[in-house]
Amino acid sequence: MGRKERGNELREKRMQEISLTRTIPYSDHQRWWSTETIAVVTGGNRGIGFEVSRQFAMHGMTVILTSRDVCVGLEAAKVLQEGGLNVAFHQLDVLDALSIKQFADWLLQNYGGLDILINNAGVNFNLGSSNSVEYAQMVIATNYYGTKNMTQAMVPLMKPSSAGARIVNVSSRLAKLNGRRNRVENVAFRELLGNLDTLTEEVIDRIVSTFLEQVEDGSWETGGWPQLSTDYSVSKLAVNAYTRLMAKILGDRPEGHKIYVNCYCPGWAKTAMTGFAGNISAEEGADTGVWLALLPDQAVTGKFFAERREISF
């Protein structure tokens with residue numbers, strides 16, 4: 016049996032394990048959430064975000080599905096509502112500070128805050144082997160700054176509980192610092208992003224700004240950045256670093272006020288972002304994010320996951 020066949024066999028076995036786990040209900044002592052549990056999903060109108068919203072609602076909690084586009088967001092929520100699921104919609108543009116504030120005010124007034132935040136909203140303009148950085152500003156602004164700004168706005172609204180609030184950031188294995196396929200060749204950047212002892216928000220922002228400056232002056236190709244989907248990969252490198260940083264910052268909160276922050280790679284799913292060229296379904300892609308957010312014994316924070324397993328940054 017060749018390497019490819021073995022890989023396919025292992026993947027099929029793993030998907031069977033996940034499928035089996037989905038069919039097993041959480042026992043009463045594991046189920047820390049209820050209909051009063053509020054889960055906010057950004058970019059929930061399609062793809063991974065829609066599936067995360069659906070799976071959360073299937074578990075019986077209240078889901079706030081958000082979308083930049085009101086019409087498509089309302090339609091997505093309606094589809095879930097017609098299936099008997101407890102899903103509400105609110106417009107949210109993670110690029111717009113006013114939109115974030117209006118959403119936060121509405122959420123506080125109507126639900127008293129939230130328990131789970133899934134930072135899923137994201138963009139990628141490269142499909143297949145293409146690697147244009149024409150839209151790098153938009154990619155970085157949406158994927159990194161959108162995630163950061165939403166996190167900062169939602170943390171003060173996260174409800175106290177014995178189980179702890181949860182933040183899950185959608186990321187990508189393309190953004191592994193030492194990945195074999197798409198590593199960061201710039202040793203200085205790799206060390207800065209990998210050293211949690213010295214990592215700060217300013218460090219992350221400075222590295223992202225350096226990338227955008229190099230895109231502007233045309234020198235990015237020799238800057239030591241990842242070579243596949245470069246702008247998308249850099250944006251997710253920043254998300255991963257920010258995940259670890261926030262987990263550290265929030266790690267000292269007292270019992271009853273804990274907030275656990277992790278990120279995960281959904282895999283190459285058949286969604287609009289991949290041009291529907293992925294090799295797994297959106298349902299499979301959403302699975303690990305939902306599983307991670309609902310871990311019954313959530314002492315896990317500052318970690319990176321894929322296929323329900325921890326992977327290295």
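Residue numbers for the sequence shown follow the numbering used here, so the first one is 16 and each next one is one higher.
C-beta atoms are modelled at their ideal positions from N, C-alpha and C, and glycine is treated no differently.
Item to check | Residue burial classification, phenylalanine 328 (beta-carbon count within 10 angstroms, cutoff 16) | outcome: Within the sequence shown, numbered from 1, the residue matching residue 328 stands at position 313. Burial state of phenylalanine 328 is buried, judged by a 10 Å Cβ sphere holding 16 or more other Cβ atoms.
Item to check | Sequence-distant residues of the same chain with beta carbon closer than 7 angstroms to valine 218, five excluded per side | outcome: Here residue 218 corresponds to residue number 203 of the sequence shown, with the count starting at 1. Hits under 7 angstroms: Leu207.
Item to check | Burial state of threonine 36 (16 or more Cβ within 10 Å) | outcome: In the sequence shown, residue 36 corresponds to position 21, counting from 1. Confidence at threonine 36 is low in this model, with a pLDDT of 41, below 50, so the placement of that residue is unreliable and no value is reported for it.
Checklist entry - Which residue's Cα is closest to the Cα of leucine 113: Leu243, Lys273, Ala168 and Glu231? => result Residue mapping note: residue 113 aligns to position 98 of the sequence shown, counting from 1. Out of Leu243, Lys273, Ala168 and Glu231, Ala168 has the C-alpha closest to the C-alpha of leucine 113.
Item to check | Residue environment, lysine 93, which counts as buried when at least 16 other CB atoms sit within 10 Å | outcome: One-based indexing of the sequence shown puts residue 93 at position 78. Exposed is the call here.
Checklist entry - Tell me which same chain residues have a C-beta within less than 8 angstroms of the C-beta of alanine 308, skipping the five on either side of it? => result Within the sequence shown, residue 308 is the residue found at index 293, counting from 1. Taken in chain order, the residues that qualify are Ala54, Phe71, Ile131, Ile133, Arg181 and Val183.
Next on the checklist: Am I right that tyrosine 159 and valine 67 are in contact with their C-beta atoms under 8 angstroms? What's the rounded C-beta distance?
Outcome noted: One-based indexing of the sequence shown puts residue 159 at position 144. One-based indexing of the sequence shown puts residue 67 at position 52. About 20 angstroms separates the two Cβ atoms, so there is no contact after all.
Checklist entry - On the three-state DSSP scale, how would you describe asparagine 197? => result Along the sequence shown, one-based indexing puts residue 197 at 182. The answer is coil: DSSP assigns asparagine 197 none of H, G, I, E or B.
Checklist entry - alanine 136 to histidine 74, Cα distance in whole Å? => result In the sequence shown, the residue the question calls residue 136 occupies position 121. In the sequence shown, the residue the question calls residue 74 occupies position 59. The straight-line gap from Cα to Cα measures roughly 22 angstroms.
Item to check | C-alpha distance - leucine 100 paired with threonine 157, whole-angstrom precision | outcome: For this step, residue 100 is matched to residue 85 along the sequence shown. For this step, residue 157 is matched to residue 142 along the sequence shown. Approximately 29 angstroms, taken between the alpha carbons.
Item to check | Separation of arginine 259 from threonine 316, as counted between CA atoms | outcome: Position 301 of the sequence shown, counted from the first residue, corresponds to residue 316. Position 244 of the sequence shown, counted from the first residue, corresponds to residue 259. Their backbone Cα atoms lie some 8 angstroms apart in a straight line.
Checklist entry - Under the three-state reduction of DSSP, which class applies to serine 327: helix, strand or coil? => result For the purposes of this step, residue 327 is taken as residue 312 along the sequence shown, with counting starting at 1. In the structure shown, serine 327 falls within a coil segment according to DSSP collapsed to helix, strand and coil.
Item to check | Simplified DSSP assignment, three categories, for arginine 181 | outcome: For the purposes of this step, residue 181 is taken as the residue at position 166 of the sequence shown. Note: arginine 181 maps to strand in three-state DSSP.
Checklist entry - Are the segment 265-272 and the segment 222-237 touching by the rule of at least three beta carbon pairs closer than 8 angstroms? => result Taking 8 angstroms as the limit for Cβ pairs, the verdict is that the segment 222-237 does not touch the segment 265-272.
Checklist entry - Can asparagine 197 and glutamine 242 be called in contact, C-beta distance under 8 angstroms? => result For the purposes of this step, residue 197 is taken as residue 182 along the sequence shown, with counting starting at 1. For the purposes of this step, residue 242 is taken as residue 227 along the sequence shown, with counting starting at 1. With contacts defined as CB atoms closer than 8 angstroms, asparagine 197 and glutamine 242 qualify as a contacting pair.
Item to check | alanine 321 - containing beta strand (DSSP E), residue span | outcome: Against the sequence shown, residue 321 aligns to sequence position 306. Residues 319-321.
Checklist entry - Going by Cα to Cα distance, which pick from Val87, Val199, Asn125 and Pro281 is closest to threonine 77? => result Position 62 of the sequence shown, counting from 1, holds the residue named residue 77. Among Val87, Val199, Asn125 and Pro281, the Cα nearest to that of threonine 77 belongs to Asn125.
Checklist entry - How would you label cysteine 278, buried or exposed, when you count the other beta carbons within 10 angstroms and need 16 or more for buried? => result Your numbering for residue 278 matches position 263 in the sequence shown. By the Cβ-count criterion, cysteine 278 is buried, with 16 or more other Cβ atoms from all chains shown falling within 10 Å of its own Cβ.
Checklist entry - Got a sec? Which residues, its chain only, sit under 7 angstroms from histidine 105 by beta carbon, not counting five neighbours each side? => result Taking the first residue of the sequence shown as 1, we reach residue 105 at position 90. Excluding positions up to five away in sequence, the list reads Ile79, Thr81, Phe118 and Trp121.
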